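Numbering (my numbering), first residue to last: 124 to 1373.
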């Protein structure tokens, strides 16, 4: 009807146009009078009507022109005002963007087109053009194609407009130009400066409680972006980006040394490309090795998820695909190499993003001290932002490390006492025991370090001991040419001795090539436990004297700016006196004697010896004041300038799962920290889920005024964490033999316990029957009672029929119509809208007496999906293995869910007893529970009749609905998915014949079930229950159960106290000793065959008769739908993948490859035949040699990669004579939660006809 109401603006225009003709007549008459009274023109010229018009005619003409164009403001005033206000709010950053439905730009263009020309309209037009022009970046921010999708090996191309910006082996940049004349011969001796201002006088713990590991981490960042060439200090040999060059290398030749190239994208385990790390404290190397292990973990996940379905298992490659050269790309030639390159580069992008996320979460949180507030906030450095004039704030334009920031990142004052001792030991090893640090000169340092590197390489090549390789004498050194000395110094070549054990760890395992987990964990634990040192003048350990002297001389060689020049550059006030710079009178006076005036104070010395920032709000690192300001500027430049962390950090380049995996998770127990998941993932048996050693490794756990025990206590969270140094949690093994599963689970065992009891107590369900879950006899007795109360035999048939009817009701109510010219069809997501909700409806309304807000019940307490989420969080926390980094937050949610549900369940029980309490909650509940609703609830009536304590009864009810509903929904999902035929294959599919055979086989089974469902008989329930059992055997929901050893045991199953044993139901279900012809579907198998493989939850709590019966009725309901079928495309399949969660820790088989990466000698050290490849040019290297070395001492010790038993395809090839200690389970990516991984199905859409 509103369209029939005339628009006032339109009516006004119509009125104006009505008088237009009259205005034209008046105008013509006025012009005629004007001409009649005017004189003839003096000169004959072309007639110009505009010049000869009368004033009246011109005025009327202007009015008529405006009428023809229309009013400048064509809309109603209120609408125009709304549009203007919206634009104003966007300009002031009050709103994120224009609401285009308010039509602001439309009004602007209408105004410009209709308003008479003027300076104002020109300015408005210029503004509109500027707005539209700046919508797009100029120049383009990134480009398409694999050469832009992936990082180059040397950092080139990061800045797409200036590709060499930040590339490795390019000169440092200069940020601040120095104009202060300070000749080197006028500056004090660098050694004297160290002795007076820098040498540590005493150790002072870090005031903010930062741990030694904090600065071990900082060391990895510094070595990622700074690698000054020893033969030319102007060259930075690494890229200027946080691209994990310390792990992957800074040239293609470096990276090739680490890559395996077997189709999986993996790198050699427990190695890194940066040789300098080998002589640093072990915590530094341990951190990098966590990223090494994370890379290979990412590769496993990427190929398993296979988001774009372009990759396949290595076992699926044909010989031709492995060997035939079909590409001319420099990075790959064969199909297998192409897949390996794509997976490697994708994993590298995710790993690099993870590294940057640690910088922006754990590291920046330590710098700003935000973890003391329990804050998850961090600077959002990478996001797109616009200036007030609509121009884009630059990002992704590249970064080039400058000499000023090379000088800035000398964090030696923070060195812990533990690391100081380690460096002293390293120096004694290199320079000889008893070396006096004051006697080490830069020249002697370079000589000895170069010679040590030469000897170490020879030792690695020959298998000899380092002590057996003679040192170069000083006389020999003096006789060398400058070119020969430079060759000895040059450590930029990718050589195999970088893969040795000089990292402070024990020797590698000769089979796996990995360092022992215990050694890596010890390095990380010890670095976490000890405090770093405070920044202060006279704070650098004496062992670092020669390093500091080299740093001072290096800065002088660069012509670095002075301290005050750098402060002016940063917009900080320069220091007028030395007391302003450092109020300590002794330090200030020493600096005055050395430099005379603050304008002469060198940048290096000024930063190291400046007064430190005090600990306080916003201050956690507490370095010198100037460093505190500059380090934030560099962090922003380093991250925001990186195209692969900004424009090209996309779900396409990293995959939808990968970009979430590499980003911060602010919901975890580490206040958004990223490092914890790497530690737990790399060393799962040494970093428990509640330990502060995992969640806050960059802060000391105890012992300091601001250690994490104090911080968490002040935040009221200390009870959620543990503070003791973690110990080994025990070994993991799998049991898949049916008889052993019976011995370990079915029979009562005094030495094996479930892993649930701790969680049961933590969520406050220890008053329920679940409290006796570790006593099989008691638990069996009490669950029999539970079954008689909740699903008694006399009500079972009606209950099971309810599941059938409610399934169909939900299908009909949630369906969407499909427009089809041939037949009317419908679509429904049976996972989200049916299978999740059927058990929730039953548990909430029919068991607990809690009405849900649904189409069937408009006045409910909770929404359906809300109740599902609450029960899912409880079940997941108690009965599933949880991501350790998120266990504490999930525990909080689960406990709160139990408390919330318990309140309402208690009210429902009270109502069933006869009335609600006269409380606010009771009065509110009566509005939802309804008058007398629960007095007729048979389950609640039976529970009330027991006259047990009401809190115990409430806990029993919550325990039942928590254990039953979530697992039931997954059971329904697995069964329907198992028996539905796949979508028909396409005629042009490469493997059409194979797919068609599989489709026809499944379609035949589906047809049988549809016939049974649509024509039920007396035998139908038992027959469908048989099909349910077979589906759950071949595609189990409960793939197995964990047991924890409470004591050591020897026998058929041997274990030590603390070990965890996985009883693998999936493997047992395919064992012919338990099931004859195990791959066949036989619904008539004896029901007793299945009883040991049902798990600890819904089957035990409510009994197999109920579970199989409910599932059979859901199966019957779904398959009774006409022409039931999967939806086409991804929606019609479960978005799941096989996740190997127990592996033999990369134990390898004896398969050979043609290009081994490491050969281990008899002494356990790596050996190679090409340690010193010649380098013909600055960044060009000769190709790697091919073929295995002919002099390998023992081929059985070769580090080789054919197939390893942690790969996804291997469980299919396992046999009795080749046991594999591995297990897998299905995981899902959850599109509603940023594609995080979950153990629960996330969607399956089916179609059916009317």
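In this text, a Cβ means the ideal position worked out from N, Cα and C, and glycines have one as well. This one's a predicted model, so the numbers in the text were calculated from it and none came from an experiment.
So residue i packs on residue j, CB below 8 Å; how close in whole Å?
i	j	result
residue 393	residue 637	5 Å
residue 354	residue 529	With 8 Å as the limit, residue 354 and residue 529 do not qualify as a contact, their Cβ atoms being about 17 Å apart.
residue 537	residue 656	5 Å
residue 323	residue 664	5 Å
residue 382	residue 390	6 Å
residue 819	residue 494	6 Å
residue 1365	residue 1354	7 Å
residue 352	residue 615	7 Å
residue 404	residue 545	5 Å
Please report the residue range of the beta strand (DSSP E) in which residue i lies.
i	result
residue 1265	1259–1265
residue 898	Residue 898 -> no beta strand (DSSP E), and no H or E assigned at all.
residue 855	855–858
residue 1348	1346–1353
residue 1372	1368–1372
Between which two residues does the alpha helix (DSSP H) holding residue i run?
i	result
residue 949	Unbroken run through residue 949 is the beta strand (DSSP E), 948–952; no alpha helix (DSSP H).
residue 800	798–805
residue 1186	Residue 1186 -> not in any alpha helix (DSSP H); beta strand (DSSP E) instead, spanning 1183–1187.
Do you know how far the Cα of residue j is from the Cα of residue i?
i	j	result
residue 1028	residue 1075	11 Å
residue 649	residue 362	31 Å
residue 937	residue 977	11 Å
residue 980	residue 1060	16 Å
residue 1278	residue 419	Low per-residue confidence applies at residue 1278: pLDDT is 33, beneath 50, and the placement is therefore not dependable enough to give any value.
residue 555	residue 594	11 Å
residue 802	residue 683	39 Å
residue 857	residue 631	25 Å
residue 845	residue 793	13 Å
residue 1363	residue 1231	20 Å
residue 272	residue 504	21 Å
residue 309	residue 576	36 Å
residue 435	residue 1257	18 Å
residue 1064	residue 975	20 Å
residue 963	residue 735	59 Å
residue 1341	residue 425	Per-residue confidence for residue 1341 stands at a pLDDT of 36, beneath the threshold of 50, marking its modelled position as unreliable; the derived number appears in the next sentence. Looking at the two C-alpha atoms, the distance is approximately 27 Å.
residue 783	residue 1156	34 Å
residue 1085	residue 835	31 Å
residue 1275	residue 385	Unreliable placement is indicated for residue 1275, whose pLDDT of 24 sits below 50; the coordinate value is still reported in the next sentence. Near 12 Å, if we compare the C-alpha coordinates of residue 385 and residue 1275.
So who's on the other strand from residue i, going by DSSP bridges?
i	result
residue 731	BP columns for residue 731 are empty, so no partner.
residue 529	Bridge partners of residue 529: none, in fact.
residue 1172	1178
residue 941	948
residue 500	The partner list for residue 500 (beta bridge, DSSP) is empty, contrary to what the question assumes.
residue 598	Partner(s): none; residue 598 has no beta bridge.
residue 358	294
Report yes if the C-beta distance between residue i and residue j is below 8 Å; otherwise report no.
i	j	result
residue 407	residue 798	no
residue 1089	residue 995	yes
residue 417	residue 795	no
residue 563	residue 669	yes
residue 785	residue 473	yes
residue 767	residue 454	no
residue 400	residue 346	yes
residue 701	residue 685	no
residue 1368	residue 1235	no
residue 268	residue 523	no
residue 895	residue 905	yes
residue 476	residue 502	no
residue 1360	residue 1350	yes
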